[in-house]
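Under numbering that gives the first Met the number 0, the first sequence has 204 at position 205, and the numbering climbs by one with no breaks.
All residues carry an ideal CB built from backbone N, CA and C; glycine is no exception.
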Amino acid sequence: MKDTLETIYGLLSAHYGPTHWWPGDTPFEIAVGAVLTQNAAWRNVEQAIENLKRGKLLRPRAILACPDGKLEEALRPSGYFRVKAKRLRSFCTYLVRRYQGSMAGMARRPLEQLRPELLKVNGIGPETADDILLYACEKPVFVVDAYTRRILERHGLPVAGMGYEELRALFETALAPDVAMFKEYHGLIVYAGKDFCRRKPHCEGCPLATLPVEDGPVLETP
DNA sequence: GACCAGGCACATC
DNA sequence: GATGTGCATGGT
């Protein structure tokens, strides 16, 4: 499995080159994007972030001071806007109370402490937490998302039934804990997921077409 | 007009 | 602990 995960990285990397993932100018913008992209298309998230920028709302205290209705209107394009307004507020409340609103201050804490406390924030689940930890706080965590699972499944890797943490552990034990590489790897998975594994017919020209299939239950490729 | 997109919390069994 | 459901927009 270790070899396969390294091979996937090599193939995707050769195909796409550097992705410079994640889109976002500041750690706080990255964290906001992580919340807004939950079950949403990034195109719509961009719109919402643009609205926040225009409204000078891309700061934790500005979000906390903003009336509900105004915040929700700004978030509308990203979908689930009432839920996401609440979730953004939860995160900002946490950030302000615990780190005086400073992402840099937050990033100074060790990973073992940060991840559990992030997961306690309402609206921050495993994937959102890991997005923030890796891309905004530069911590060596591997981000698992729908694309990750889909790509592995479609290429016959025995990951069916694995939970989030299990899948994350798989990558983190197989690969060296290299923040820059983890960032790129996830970016490459997003690229490949959008290009080849999104809908049928898939894998026309897929860079992973030559991937050797491992032992274990091989899933049928749709 | 369905179906989908980088989840998560909460209810229920 | 596993499984189901609500949340909402914009593109294909």
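May I ask whether a heavy atom of the ligand FMN can be found less than 8 Å away from the beta carbon of residue i?
i	result
H154	Among the ligands in the structure shown, none appear at all, so the ligand FMN cannot be discussed.
Can you give me the Cβ contacts of residue i inside the same chain, cut-off strictly under 8 Å, excluding the 5 residues immediately before and after it?
i	result
M0	L156, L169, A173 and E213
I188	L11, D144, Y146, T147 and I150
E137	A106 and V178
M102	T25, P26, F27, A30, L94, A135 and C136
L70	L56, I62, A84, L87 and R88
M180	Y8 and L174
R81	E71
R58	F27 and G100
Give the straight-line distance between the Cα atoms of residue i and residue j, rounded to the nearest whole angstrom.
i	j	result
V44	A175	32 Å
V34	L210	33 Å
E126	V142	6 Å
R222	T6	No statement about residue 222 is possible, as the shown extent of the chain runs from 0 to 221 and does not include it.
H185	G68	34 Å
P76	A40	10 Å
V243	F90	An answer regarding residue 243 cannot be provided, because it is not within the stretch 0 to 221 covered by the chain.
G104	Q46	28 Å
V140	Y163	12 Å
K193	L51	26 Å
C65	P17	38 Å
L113	G100	15 Å
W20	L133	11 Å
P109	P115	11 Å
R42	M161	29 Å
Y79	I48	14 Å
What does a CB cutoff of less than 6 Å around residue i pick up in its chain, not counting 5 residues either side in sequence?
i	result
L117	I123 and A128
D130	A33 and V142
H154	L207 and L210
H14	P206
G23	I29 and G32
Is it buried or exposed, residue i, if we count other Cβ atoms within 10 angstroms and call 16 or more buried?
i	result
E165	exposed
E111	exposed
Q37	buried
K182	buried
R60	exposed
R167	buried
E203	exposed
A191	buried
Spatial neighbours of residue i within its chain, please: CB distance less than 7 Å, with the 5 preceding and 5 following residues excluded, ordered by chain position.
i	result
E72	none
Report task. Tell me the start and end of each unbroken alpha helix (DSSP H) in the region 60-140 that is at least 4 residues and wholly inside, in chain order. Result -> Qualifying alpha helix (DSSP H) stretches, in chain order: 67-74, 80-98, 102-107, 110-119 and 125-130.
Report task. Scan the region 134-188 and note each continuous alpha helix (DSSP H) run of 4 residues or more that stays entirely inside, going in chain order. Result -> As far as the region 134-188 is concerned, its whole alpha helix (DSSP H) runs of at least 4 residues are 145-153 and 163-173.
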